[in-house]
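Enquirer:
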Amino acid sequence: MNTRETLYVKDGNLYIGSFKATELAARFGTPLYVMDAKYIEEVCDAFVAAVVSYGEGAVAFANKAFAAVATAKIAAKHGLWFDVVSGGELYLVAQAGADMRKVLFHGNNKTEKEIDEALAAGIGYFVVDSLNELNMIDEKAGKLGRVQDVLVRVNPGVSAHTYEAVMTAAPFSKFGFDVHGDAFDVIKDVASRKNVNFCGLHVHIGSQIYDHSSYDAATDITTDFMKRLADAGIVTDVLDMGGGYGIYYTDEDPKFTPKRYAYTVENIGRRVAEKTAEKGLKKPFLIVEPGRSIVGEAGVTLYTVGAIKDFPGVKKYVAVDGGMFDNPRYALYESRYSAMIANKADKPADDVVTIAGKCCESGDLIGKDMPLQHAETGDILAVFSTGAYNYSMASNYNLNAVPPVVLVDGDKADYIVRPQTYQDLLRNNTVPEWLN
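Sequential numbering of the sequence shown, starting at 152, is according to my numbering.
The following block contains the structure:
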């Protein structure tokens with residue numbers, strides 16, 4: 152647990168903002184996603200300050216980490232742009248009142264429908280990831296009598312020190328054009344077209360990265376490529392260095408503060424400024440795209456403990472009323488988390504347990520070999536750092552309802568995503584006439 156002013160233990164209870172976790176569980180039920188508004192705001196402000204220290208630039212929230220209208224409103228209020236990867240995310244930020252000129256549309260296989268929707272919305276930039284996409288944008292913008300600004304996603308071939316499943320710039324990735332291969336010719340093609348305007352480059356090397364040397368290597372390779380473009384008469388006005396900044400999950404990870412997150416961006420900005428100056432290049436408008444680092448540690452998931460199965464000397468299962476339908480990350484990546492019995496927060500965590508979900512899958516786990524206070528049926532279990540890629544990756548597997556999301560802001564707490572009902576689960580079901 153990475154404690155802070157709005158996440159702490161007092162009188163044996165875990166508090167989120169001004170609320171005992173057990174109070175929130177009693178009021179809103181479990182499973183329950185809880186998001187800390189003040190922490191989100193602090194991290195947003197720290198990232199914006201870091202980009203301001205560089206000069207001209209922007210912070211774009213990677214909406215895929217956590218997609219809700221309320222949090223998008225918070226991000227926009229604090230000056231953030233938006234990185235979207237689907238028509239649904241585009242619709243969400245529009246509903247939040249975002250300035251569409253401050254939206255970047257990503258994705259390695261944007262559909263024709265999504266391109267139409269994004270053009271109609273007047274987004275700032277498409278981040279081009281394939282020739283097929285480029286041709287569609289060029290043709291459709293031409294029919295509208297428009298010139299659409301684009302960035303081109305390039306792959307610098309940097310193998311970031313992270314999990315293979317979340318590397319995005321290793322050789323032969325599905326994302327981007329290889330700076331050592333086809334990227335140069337693709338950008339020459341983009342620059343020659345009448346209905347698209349080449350504005351710059353996008354780079355994203357992966358997720359959950361702690362090692363600054365990976366960002367340094369990506370910056371060095373990308374600015375070398377910018378120099379090659381400049382020598383061919385192609386100016387890179389915008390450089391989007393993506394995101395991927397690692398957060399705290401367990402005591403094996405560094406403990407971060409908003410200022411510590413900002414330092415990562417300050418370091419990237421310094422490196423970009425130094426390398427572009429060294430190579431005689433125009434200092435670009437710098438965009439960074441944090442997602443997990445804004446919302447990850449802001450989130451805590453609350454569960455009620457159910458069945459407990461102890462195999463002495465082998466394994467102890469503590470089962471909860473959630474699982475892979477609200478947090479699939481263990482099943483996908485064997486992701487690690489920290490947990491606590493919220494109503495026994497001052498007790499020693501001297502049990503080692505496997506936290507199991509309620510789905511009909513042996514792999515439905517929150518985590519293995521996790522230190523935990525002695526758990527009993529009815530206890531409230533808190534799992535930390537669940538604000539990113541939990542709700543946004545949730546499903547209705549086994550026809551379980553996706554849990555609601557509650558936003559805590561000091562002494563205020565309310566839904567930002569309401570609970571699903573059984574009726575919601577079947578809302579789109581229909582029976583063909585011939586079956587009646």
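Ideal placement from N, C-alpha and C gives every residue a C-beta, glycine not left out.
Bear in mind the structure is a predicted one, so any value in this text is a computation, not a measurement.
Near Tyr481, which residues of its chain fall below 7 Å by C-beta distance, leaving aside the five closest residues on each side in sequence?
Expert: Result list for Tyr481: Leu516, Ile517, Gly518, in chain order.
Enquirer: Would you give the residue range spanned by the beta strand (DSSP E) that Met521 belongs to?
Expert: Element bounds for Met521: 516–523.
Enquirer: According to DSSP, is Phe277 helix, strand or coil?
Expert: Here Phe277 sits in strand by DSSP.
Enquirer: Would you identify the three-state DSSP class for Leu432, choosing helix, strand or coil?
Expert: Correct three-state label for Leu432: coil.
Enquirer: Give the list of continuous beta strand (DSSP E) stretches no shorter than 3 residues that lie fully inside the region 540–580.
Expert: Entirely contained in the region 540–580, the beta strand (DSSP E) runs reaching 3 residues are, in chain order, 556–560, 563–568.
Enquirer: Measuring CB atoms only, is the region 408–419 touching the region 196–209, in the sense that at least three cross pairs come out at less than 8 Å?
Expert: Output reads yes: the region 196–209 touches the region 408–419.
Enquirer: Among Asn418, Val423, Ala533, which has the Cα closest to the Cα of Lys495?
Expert: Closest by alpha carbon: Ala533.
Enquirer: For the structure I just gave you, are there three or more beta carbon pairs, one from the region 575–585 and one from the region 204–218, closer than 8 Å?
Expert: Touching, no, given that fewer than three Cβ pairs across the two stretches are closer than 8 Å.
Enquirer: For chain B, is any of its Cβ atoms less than 7 Å away from the one on Trp232?
Expert: Protein chains in the displayed structure number just one, and chain B is not present.
Enquirer: Using 8 Å as the cut-off, can you tell me whether the region 177–194 makes contact with the region 556–571, which would need three or more C-beta pairs spanning the two stretches below that distance?
Expert: Judged by Cβ distances under 8 Å, the region 177–194 makes contact with the region 556–571, as three or more pairs qualify.
Enquirer: Buried or exposed, going by whether 16 or more other CB atoms sit within 10 Å of the CB of Gln246?
Expert: By the neighbour-count rule (16 or more Cβ atoms within 10 Å), Gln246 is not buried but exposed.
Enquirer: The alpha helix (DSSP H) spanning Tyr468 covers which residue range?
Expert: No alpha helix (DSSP H) contains Tyr468, which is instead part of the beta strand (DSSP E) from 466–471.
Enquirer: Grouping DSSP H, G and I as helix and E and B as strand, with all else coil, what is Thr313?
Expert: Note that Thr313 scores a pLDDT of 46, beneath 50, so its modelled location is shaky; the value from the coordinates is reported in the next line. Three-state DSSP puts Thr313 in coil, outside helix and strand.
Enquirer: Reducing DSSP to helix, strand and coil, say where Lys228 ends up.
Expert: Looking at Lys228 - three-state DSSP - the assignment turns out to be helix.
Enquirer: Going by other Cβ atoms of all chains shown within 10 Å of its Cβ, with 16 needed for buried, is Thr154 buried or exposed?
Expert: Exposed, by the Cβ-count rule.
Enquirer: Is DSSP giving Phe376 helix, strand or coil here?
Expert: Three-state result, Phe376: helix.
Enquirer: What residues in its chain sit with their C-beta under 6 Å from that of Arg344, if we drop five residues either side in the sequence?
Expert: Within the same chain, Arg344 has close Cβ partners Asp289.
Enquirer: Could you tell me which residues DSSP puts in a beta bridge with Ala209?
Expert: In the DSSP output, where bridge partners are listed per residue, Ala209 has Ile438.
Enquirer: Measuring CA to CA, which of Ala213, Arg578, Met251, Val465 is closest to Ala539?
Expert: Minimum Cα distance to Ala539 is reached at Ala213.
Enquirer: Beta-carbon within less than 6 Å of Lys171's beta-carbon, same chain only, minus the 5 sequence neighbours each way: which residues are those?
Expert: Contacts found: Asn164.
Enquirer: Once you ignore the five residues that flank Gln524 on each side, which residues in its own chain have a CB closer than 6 Å to its CB?
Expert: Ile492, Lys495, Lys498, Ala500, listed in sequence order.
Enquirer: Name the residue from Gln359, His355, Ser281 whose alpha carbon lies nearest to the alpha carbon of Ala334.
Expert: Minimum Cα distance to Ala334 is reached at Ser281.
Enquirer: Between which two residues does the alpha helix (DSSP H) harbouring Asn286 extend?
Expert: Per DSSP, Asn286 belongs to the alpha helix (DSSP H) from 282–294.
Enquirer: Does Ile356 come out as helix, strand or coil in the three-state DSSP assignment?
Expert: If DSSP states are grouped into helix, strand and coil, Ile356 belongs with coil.
Enquirer: According to DSSP, Ile385 sits in a beta bridge with which residue or residues?
Expert: Its beta-bridge partners do not exist; DSSP assigns none.
Enquirer: According to DSSP, is Met251 part of a helix, a strand, or is it coil?
Expert: If DSSP states are grouped into helix, strand and coil, Met251 belongs with the helices.
Enquirer: Pro182 to Val298, Cα distance in whole Å?
Expert: About 48 Å.
Enquirer: State buried or exposed for Arg578, treating a residue as buried only when at least 16 other CB atoms are found within 10 Å of its CB.
Expert: Arg578 comes out exposed.
Enquirer: With DSSP as the reference, identify every bridge partner of Ile459, one or two as the case may be.
Expert: In DSSP, Ile459 forms a bridge with Val469.
Enquirer: Met273 to Val244, Cα distance in whole Å?
Expert: The amino acid occupying residue 273 in the given sequence is Gly; Met does not appear at that position. Cα-Cα distance, rounded: 13 Å.
Enquirer: Apart from the five residues just before and just after Val278, which ones in its own chain have a Cβ nearer than 6 Å to its Cβ?
Expert: Taken in chain order, the residues that qualify are Leu255, His257, Leu302, Arg304, His353.
Enquirer: Taking all protein chains shown into account, do 16 or more other C-beta atoms lie within 10 angstroms of the C-beta of Glu425, making it buried, or fewer, making it exposed?
Expert: Looking at its Cβ environment, which holds fewer than 16 other Cβ atoms inside 10 Å, Glu425 is exposed.
Enquirer: Hey, Gln359 and Gly397: beta-carbon distance below 7 Å or not?
Expert: Contact flag set, yes.
Enquirer: Could you check if His355 is buried or exposed, using at least 16 other CB atoms within 10 Å of its CB as the buried criterion?
Expert: Buried, since its Cβ has 16 or more Cβ neighbours within 10 Å.
Enquirer: Quick one: using the 10 Å Cβ neighbour count with 16 as the cut-off for buried, is Glu328 buried or exposed?
Expert: It is worth fixing the name first, because residue 328 is Phe in this sequence and not Glu. Buried.
Enquirer: When burial is assigned at 16 or more other CB atoms within 10 Å of the CB, is Glu284 buried or exposed?
Expert: Glu284 should be labelled buried.
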